[in-house]
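Residue 144 in numbering that gives the first Met the number 0 sits at position 145 of the sequence shown, and the numbers go up by one each step. Virtual Cβ for every residue (Gly too), placed ideally from N, Cα, C.
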Amino acid sequence: MMKTALKILFIIPVLYLVGLPVFMTVKGKKTPCSDIVITIKDSADYGFVSKRDILNIISGTAGRVTGRQVGDIPVNEIETNLYRLRELKSADVFTTVDGVLHVVADQREPIMRVRGGDGVDYYVDEEGIVFRKRTIQSPRLHLVSGNIVISRKMMEGVSVLDTAIKRTILRDIYYLVSYIRSDGFWSAQIDQIYVDGNDEIDLIPRAGNHTVHLGTAENFVEKLRNLRVFYEEVLPEVGWNKYSVINLAFRDQIVCKRR
0 MMKTALKILF IIPVLYLVGL PVFMTVKGKK TPCSDIVITI KDSADYGFVS
50 KRDILNIISG TAGRVTGRQV GDIPVNEIET NLYRLRELKS ADVFTTVDGV
100 LHVVADQREP IMRVRGGDGV DYYVDEEGIV FRKRTIQSPR LHLVSGNIVI
150 SRKMMEGVSV LDTAIKRTIL RDIYYLVSYI RSDGFWSAQI DQIYVDGNDE
200 IDLIPRAGNH TVHLGTAENF VEKLRNLRVF YEEVLPEVGW NKYSVINLAF
250 RDQIVCKRR
């Protein structure tokens, strides 16, 4: 008899511990949605996606969600549709037992702004993903313009680094800009990048009234290393405005055109 009583005393708390989460889960699913809380990371820095954008996708996917049982809200479908906003790197949609629908969105971090041959502005992020500029606000980035073609695959979310995309000058520009951004000297010096019809590259520096003709992107690290020596040892002597073009296209040579 004593053993039976002890077993019962042991089983009751176990059933409580097992049953309580199940009860809370079932009860939680029947809780009416009382609020929508949207968190957008880096919203002050970029502002690519607004809370209104996200609310529009929620309502377009699920209709009115407030007042609805949280278990009936299609969170997975909302999450999938949020990824149509190419500006988002990730999106997490979930509900809590207090009846709140949460959306946590992480925006992509652009490394350059690209003005395509179609005259439309795009961004390219650190993963090589291209997305269209939709907002007036623009973060301070290197501007790339000229003979740039934004393909359909890029607009579908395929990275410019992906081998599914045939060779594109934008891949070379990605590596060039990544290098410039990683170097404090060049990040401060270079303002704009222009690509001509032969896929040759011009750099527009912030200091001095000249253009740097890089030529192709081949050996760009070595070319910039030579240019830095020229900047530090020659231009301070002759003046930053003496030349209109500094040509780095020839291997181990710097050819300058006088103003």
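Length of the line joining the Cα atoms of residue i and residue j
{"i": "I57", "j": "H101", "result": "11 Å"}
{"i": "I189", "j": "E125", "result": "18 Å"}
{"i": "M23", "j": "T95", "result": "In this predicted model, M23 has a pLDDT of only 42, less than 50, meaning its place in the structure is not dependable; the value taken from the coordinates is given anyway. Each residue's Cα considered, the two are about 11 Å apart."}
{"i": "G98", "j": "K28", "result": "8 Å"}
{"i": "N246", "j": "N80", "result": "48 Å"}
{"i": "V25", "j": "G145", "result": "Summary for V25: the model assigns pLDDT 48, below 50, so the residue's position carries little reliability; its value from the coordinates is reported in the next sentence. For V25 and G145, the distance between alpha carbons rounds to 58 Å."}
{"i": "M153", "j": "N197", "result": "21 Å"}
{"i": "N208", "j": "V176", "result": "21 Å"}
{"i": "V36", "j": "P109", "result": "26 Å"}
{"i": "I289", "j": "V194", "result": "The chain is shown from 0 up to 258; residue 289 falls before or after that span and cannot be answered."}
{"i": "N55", "j": "K40", "result": "18 Å"}
{"i": "L84", "j": "K256", "result": "46 Å"}
{"i": "K267", "j": "Y121", "result": "The shown model of the chain, from 0 to 258, leaves out residue 267, and the question about it has no answer."}
{"i": "F47", "j": "V64", "result": "25 Å"}
{"i": "E76", "j": "R133", "result": "24 Å"}
With 16 other Cβ atoms within 10 Å as the buried cut-off, status of residue i
{"i": "A90", "result": "buried"}
{"i": "S243", "result": "exposed"}
{"i": "Q106", "result": "buried"}
{"i": "E86", "result": "buried"}
{"i": "Y230", "result": "buried"}
{"i": "F219", "result": "buried"}
{"i": "D82", "result": "The question names Asp, yet the displayed sequence has Tyr at residue 82. The residue in question, Y82, is exposed, as its Cβ has fewer than 16 Cβ neighbours within 10 Å."}
{"i": "R151", "result": "exposed"}
{"i": "R258", "result": "exposed"}
{"i": "R51", "result": "exposed"}
{"i": "V228", "result": "exposed"}
{"i": "V254", "result": "exposed"}
Contact belief for residue i with residue j at Cβ below 8 Å, rounded distance in angstroms
{"i": "T38", "j": "A104", "result": "7 Å"}
{"i": "I172", "j": "V143", "result": "6 Å"}
{"i": "R131", "j": "V119", "result": "7 Å"}
{"i": "G115", "j": "V148", "result": "7 Å"}
{"i": "R166", "j": "S137", "result": "That belief does not hold up - the Cβ atoms of R166 and S137 are roughly 29 Å apart, past 8 Å."}
Residue i vs residue j beta-carbon contact at 8 Å
{"i": "H141", "j": "I200", "result": "no"}
{"i": "G62", "j": "C32", "result": "no"}
{"i": "L226", "j": "V211", "result": "yes"}
{"i": "L223", "j": "W185", "result": "yes"}
{"i": "A266", "j": "W239", "result": "Past the boundaries of the shown model lies residue 266; the chain is included only from 0 to 258, so the question cannot be answered."}
{"i": "V157", "j": "R170", "result": "no"}
{"i": "V74", "j": "T30", "result": "no"}
Where the beta strand (DSSP E) through residue i begins and ends
{"i": "S89", "result": "L87 to T94"}
{"i": "A104", "result": "V99 to Q106"}
{"i": "L54", "result": "Element bounds for L54: not the beta strand (DSSP E) but the alpha helix (DSSP H), K50 to A61."}
{"i": "F47", "result": "Segment: none, F47 is in no beta strand (DSSP E) and carries neither H nor E."}
{"i": "D201", "result": "I200 to P204"}
{"i": "N246", "result": "Y242 to N246"}
Range of the contiguous alpha helix (DSSP H) that encloses residue i
{"i": "P73", "result": "Looking at the DSSP string, P73 is not in any alpha helix (DSSP H), and its letter there is neither H nor E."}
{"i": "I110", "result": "It is not in any alpha helix (DSSP H) - I110 instead sits in the beta strand (DSSP E) that spans P109 to R114."}
{"i": "I168", "result": "I168 to S181"}
{"i": "R151", "result": "R151 to M154"}
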